[in-house]
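These notes concern the structure reproduced below.
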Amino acid sequence: MTKPSGTLFAIGVGPGDPELLTLKAARLLGSVRVVFTAASPKNDQSHALTIAREHLRPDALIERLEFPMTRDEAVLQNAWRTAAMRVLTEIESGNDAAFLTLGDPMTYSTFGYLSRIVRELSPAAKIEAVPGVTSYQAAAAAALTPLVEGEESLMIVSGIAEQKRLSQVLGLADNAVVLKAYRNLPAIRKAVEGLGLGERAVIVSRLGMDGEARYQGLAQIPETLPYFSLMLLPKSRAK
2 MTKPSGTLFA IGVGPGDPEL LTLKAARLLG SVRVVFTAAS PKNDQSHALT
52 IAREHLRPDA LIERLEFPMT RDEAVLQNAW RTAAMRVLTE IESGNDAAFL
102 TLGDPMTYST FGYLSRIVRE LSPAAKIEAV PGVTSYQAAA AAALTPLVEG
152 EESLMIVSGI AEQKRLSQVL GLADNAVVLK AYRNLPAIRK AVEGLGLGER
202 AVIVSRLGMD GEARYQGLAQ IPETLPYFSL MLLPKSRAK
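First residue of the sequence shown? That's 2 in my numbering, and the numbers climb one at a time after it.
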């Protein structure tokens, strides 16, 4: 008899506040045997695991999957393939497993890369995604800043883009969110100021974590921002 395979659950644990974990996520975290966390080889800490830990079963096996912070495609492909093979070993043994992601697993998440390679290696693998509250949803709520109203549009922008592209895409939408706003802050600042929107920008750092900070306007923010930082850009209406 063929042994039934397990399921890989990609679980969004929210942006940082443990109380924003969904009921479905909490239930599944309490049932899976194996919990995978994404981590950089240079960083032992997992914020996603910190959020999820109290919901895990006592005998849960927690394992780090290393994803290097690089743009070297060969290095990344090797890391994703290694991680995918480890995940497949577990679920093909009949065990359910969880892959933890901050925010939502389908939004700027390592899970997208991992799931594609798992599917390539094993097209029949069972995979489910459990949505999580995104950082920008939580930031908008904390800052009481509506993201969109009426017929307005919302653009989700990666802050790692170069200044010219940032200016182009931010100029198109009624309202925007700039994620990953920490590394490329000078270019983001120039793009936003060039559009005359510096005073409307709302910057949120380390939301739901120690050291949480919010700033109204580019003039208020420091020269550098923490890793967990984003910008809300309500362009089409006054504050």
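Even for Gly, the Cβ is constructed at its ideal location relative to N, Cα and C.
Item, Value
"Closest residue to Pro-187 among Arg-87, Ser-116, Leu-226 (Cα-Cα distance)", "Leu-226"
"Under 7 Å between C-beta atoms of Leu-66 and Ala-49", "no"
"Whole-number beta carbon distance between Ile-161 and Arg-184, since they are thought to touch under 8 Å", "6 Å"
"The stretch 90 to 100 contacting the stretch 72 to 81, beta-carbon criterion three pairs below 8 Å", "no"
"Own chain partners of Glu-64 with C-beta closer than 8 Å, once the 5 adjacent residues on each side are dropped", "Val-35, Val-36, Phe-37, Thr-38, Arg-87"
"Exposure label - Gly-212; buried when at least 16 CB within 10 Å", "exposed"
"As assigned by DSSP and simplified to three states, the class of Gly-212", "coil"
"Check whether Gly-31 and Arg-58 have beta carbons under 7 Å apart", "yes"
"Contact check, Gly-209 vs Gly-104, beta carbons under 7 Å", "no"
"Bounding residues of the alpha helix (DSSP H) (the contiguous stretch that carries Phe-112)", "111 to 122"
"Cutoff 7 Å; reference Leu-219; Cβ partners in own chain excluding five residues on either side", "Arg-190, Val-193, Glu-194, Gly-199, Ala-202"
"7 Å Cβ cutoff met for Ala-85 and Leu-115", "yes"
"Where Ile-189 sits in the DSSP three-state scheme", "helix"
"Cβ-based burial, Ser-230 [other Cβ within 10 Å; buried from 16]", "buried"
"For Lys-165, the first and last residue of its enclosing beta strand (DSSP E)", "Where Lys-165 is concerned, there is no enclosing beta strand (DSSP E), although the alpha helix (DSSP H) it sits in stretches over 164 to 171."
"Beta strand (DSSP E) segment containing Val-39, residue limits", "One detail in the question is off: residue 39 reads as Ala in this sequence, not Val. 35 to 40 is the extent of the beta strand (DSSP E) around Ala-39."
"The ligand ADP heavy atom lying under 6 Å from the CB of Val-14", "No copy of the ligand ADP occurs in the structure displayed, which carries no ligand at all."
"Short Cβ contact (7 Å threshold) for Ala-11 with Ala-130", "yes"
"DSSP-derived helix/strand/coil call for Gly-195", "helix"
"Proximity of Ser-159 and Ala-174 at Cβ, strictly below 7 Å", "no"
"Inter-residue Cα distance where the pair is Leu-29 and Lys-165", "43 Å"
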